[in-house]
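I have placed the structure first, in the form of structure tokens, so that the comments after it can refer back to it.
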Amino acid sequence: HTSGLVDPDSDAAIPAGRDAAVRSILKLPLANTPGSNFEYSNAGYSLLAAIVEIASGQTFENYLRMNLLRPAGLTRTSFVSEPVRHSGYRVAQSIGGYEGRFRSADPRDRPATWMNRGSGGILSNVGDLYRWERALLSGKFVSPQTLKLLYKPYTVAEADFLSYGYGWRIQKTERNTTLVWHTGWEEAFSSVYRRYVEEGVLVLFTSNQALDLVPMREIVLRSAREGVIGEILFGKGSPPLLRTRDIPRELSQRIGGRYRLDSENAFVISANRGKITITPEGQRAVEALEPKALSDKNPLAERNQRALLLMERLRSPNSRKDELEKKLDPYDYAGVGPDDLRTEWRSLESTHGKLRRVESLGTAHAGFPGRQRAVTMLRFQFEDGNEADYRLIWFADDELYLLNGAAASFHKTLRWTGGLGFAHLDLLRSEWLEFTFEEHAGKITSLSVRRADKTFTAYRIRKRK
């Protein structure tokens, strides 16, 4: 990534044919003098794929298949540019946590161009990635001496502590060992490949999921660096709260229900398929489920009020974009289209009757330092009693998105730790919440939520017979 080559503005800007694509890339002005600066660019990989074709007399895909993939035993790896050849081979197409952000979830829908040849366009899974790791270390494809060259730092990359080798980011860990790694990203799909060289540890991860638009790879990376994954891998052992057990059905039935924190806030405990979840209702209940009090230049409660204001403006037939922007300044409502939303509301109203009320269940943090964001949980209530959940996601870069479906960060899964105790691991921040149910005369009466700095107590609401 020191060639000075720049990527075109879009894949469509590159001609479909190989030779025309090469000419187009080489015509672009250099970003800097070759060899002088690191600047991430996929154009160099595209040129390398073209060189492989010219030198071998084969297509790039066929060369990889015959000389690398098949000899290494990668039987579940194929190319976006080709139809899937394997019986029983299914490409992941459903995505979670990205609704409204990506139009297509099938990677094969993206046209195969020369900007994703050499730099991407491969379909695979963690099993085949592990086989590739074993093949690299076997000495069958490259010698140990060549492997060392791949991992040799040649230039400083995006940060002073980070170097770049031949296609790998390289850095020292806090244990002064070598970490060689890279991530991948293609539309809604993300991956992590981390090799701890001297320690003999490999972390492979692929996902088509996100947690309120935070790709799961970001959560895994953070956890491997400073969270539970790192603790387990490097000598600290499994945290006590992670050693949980199956929840007895009788216990699930006993603790289920609503617990009132105060007159306007409550927790709902639900049991479904052996899983216990807690959902907050109200801003104070939401903030009680934060691992600890967090500072924010835009307080969560303020965003809660702004969310309701936005909904009111969108419901008004006279609301205009410029008026919305004044009310929401400094946020750009890039993913909140008034006309689209009104069309969706009209469709729901045709089935469920008039929209009676828009309620905010609260606004929560949904990111971590460096990727901070917040999410407001909205509930639309209709004339026939039906409800629809939406979430409004506030980005630190002053964009916000309105997406249908419940916010993942609002529904926390509880792990049973024994007796009437439960725990929840906050994946985004690698911190624990502890929950204890209290009983009196054989009946569950209250729930205590303990976080790092404070304990909250909510009392069970009994149904009247």
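With the working numbering, letter number 400 in the sequence shown gets 382, and the count goes up by one each step, no holes.
Glycine included, every Cβ here is placed at the ideal spot set by N, Cα and C.
Which partner residues does residue i have in the DSSP bridge list?
i, result
"aspartate 228", "Its beta-bridge partners do not exist; DSSP assigns none."
"aspartate 244", "Asn247"
"threonine 427", "Beta-bridge pairing links threonine 427 to no other residue."
"leucine 131", "According to DSSP, which records beta bridges pairwise, leucine 131 is partnered with nothing at all."
"arginine 176", "Trp163, Val185"
"leucine 385", "Arg373"
"tyrosine 441", "Arg242, Ser428"
"tryptophan 398", "Arg227, Phe404"
"lysine 436", "In DSSP, lysine 436 forms no bridge with anything."
"threonine 418", "Gly403, Ser430"
"glutamine 287", "Answer is none; glutamine 287 lacks a bridge partner."
"glutamine 235", "DSSP, once it has assigned bridges, lists no residue as partnering glutamine 235."
"phenylalanine 20", "Note: phenylalanine 20 sits in no beta bridge, so no partner."
"threonine 137", "Tyr146"
"threonine 261", "Val250"
"arginine 157", "The partner list for arginine 157 (beta bridge, DSSP) is empty, contrary to what the question assumes."
"alanine 192", "Pro197"
"glycine 102", "Arg99"
"arginine 361", "Glu341, Asp371"
"glutamate 168", "Phe171"
What residue range does the alpha helix (DSSP H) around residue i cover?
i, result
"aspartate 110", "108 to 120"
"asparagine 44", "42 to 46"
"valine 268", "265 to 270"
"glycine 212", "210 to 215"
"serine 32", "Residue identity differs from the one stated: residue 32 is alanine in this sequence, not serine. It spans 25 to 38 - the alpha helix (DSSP H) in which alanine 32 sits, taken as one unbroken run."
"alanine 3", "0 to 9"
Tell me the rounded alpha-carbon separation between residue i and residue j.
i, j, result
"alanine 192", "leucine 203", "13 angstroms"
"serine 412", "valine 138", "29 angstroms"
"valine -12", "threonine 345", "40 angstroms"
"phenylalanine 362", "histidine 347", "21 angstroms"
"alanine 253", "leucine 402", "15 angstroms"
"serine 145", "threonine 395", "38 angstroms"
"arginine 113", "alanine 3", "33 angstroms"
"arginine 227", "serine 189", "26 angstroms"
"alanine 356", "asparagine 286", "10 angstroms"
"glutamate 200", "serine 332", "40 angstroms"
"arginine 0", "leucine 382", "39 angstroms"
"proline -10", "serine 172", "22 angstroms"
"lysine 122", "asparagine 49", "11 angstroms"
"valine 431", "threonine 418", "7 angstroms"
"glutamate 246", "isoleucine 211", "38 angstroms"
"leucine 215", "arginine 328", "52 angstroms"
"histidine 68", "tyrosine 136", "Low local confidence applies: a pLDDT of 48 at histidine 68 is under 50, so the model's placement there is unreliable, with the coordinate-based value given in what follows. Taking the straight line joining both Cα atoms gives about 39 angstroms."
"threonine 95", "isoleucine 36", "17 angstroms"
"leucine 384", "serine 120", "49 angstroms"
"arginine 297", "glutamate 326", "11 angstroms"
"glutamate 294", "lysine 336", "15 angstroms"
"aspartate 314", "phenylalanine 392", "Any reading at aspartate 314 needs caution, since the residue's pLDDT is 47, under 50, leaving its predicted position unreliable; the model's value is listed next. When rounded, the distance between both Cα atoms is 24 angstroms."
"lysine 257", "glycine 387", "19 angstroms"
"phenylalanine 187", "glycine 424", "45 angstroms"
"asparagine 158", "tyrosine 27", "31 angstroms"
"glutamate 416", "alanine -2", "56 angstroms"
"asparagine 44", "proline 197", "32 angstroms"
"threonine 155", "serine 205", "14 angstroms"
"arginine 85", "arginine 207", "Caution applies to arginine 85, whose pLDDT of 45 falls short of 50 and renders its modelled position unreliable; the value that the coordinates give is listed next. So the alpha carbons of these two residues sit roughly 32 angstroms apart."
Round the Cβ separation of residue i and residue j to the nearest angstrom and send it over; I've been treating them as touching at under 8 angstroms.
i, j, result
"leucine 271", "proline 262", "6 angstroms"
"glutamate 21", "alanine 13", "5 angstroms"
"valine 62", "leucine 105", "6 angstroms"
"arginine 339", "methionine 359", "That belief does not hold up - the Cβ atoms of arginine 339 and methionine 359 are roughly 14 angstroms apart, past 8 angstroms."
"tryptophan 150", "tyrosine 133", "6 angstroms"
"arginine 266", "leucine 243", "6 angstroms"
"glutamate 180", "threonine 160", "6 angstroms"
"leucine 330", "phenylalanine 364", "7 angstroms"
"isoleucine 426", "arginine 236", "6 angstroms"
"isoleucine 251", "glycine 264", "Not quite, the Cβ-Cβ distance comes to about 15 angstroms (not below 8 angstroms), so this is no contact."
"phenylalanine 249", "leucine 429", "6 angstroms"
"threonine -16", "asparagine 19", "7 angstroms"
"threonine 15", "glycine -14", "6 angstroms"
"isoleucine 229", "tryptophan 414", "Their Cβ separation, rounded to whole angstroms, is 18 angstroms, which puts isoleucine 229 and tryptophan 414 out of contact at 8 angstroms."
"histidine 334", "aspartate 371", "About 14 angstroms; that fails the 8 angstroms criterion."
At what residues does the beta strand (DSSP E) containing residue i begin and finish?
i, result
"serine 412", "Where serine 412 is concerned, there is no enclosing beta strand (DSSP E), given that its DSSP letter is neither H nor E."
"threonine 345", "337 to 347"
"glutamine 354", "That residue, glutamine 354, is in no beta strand (DSSP E); it is neither H nor E in DSSP."
"glutamine 153", "151 to 154"
Establish whether the CB of residue i and some CB of chain B are separated by less than 7 angstroms.
i, result
"threonine 155", "The chain inventory of the structure shown lacks chain B, comprising one protein chain alone."
Flag this pair as touching only if the stretch 46 to 60 and the stretch 127 to 136 have three or more C-beta atom pairs under 8 angstroms; answer yes or no. no
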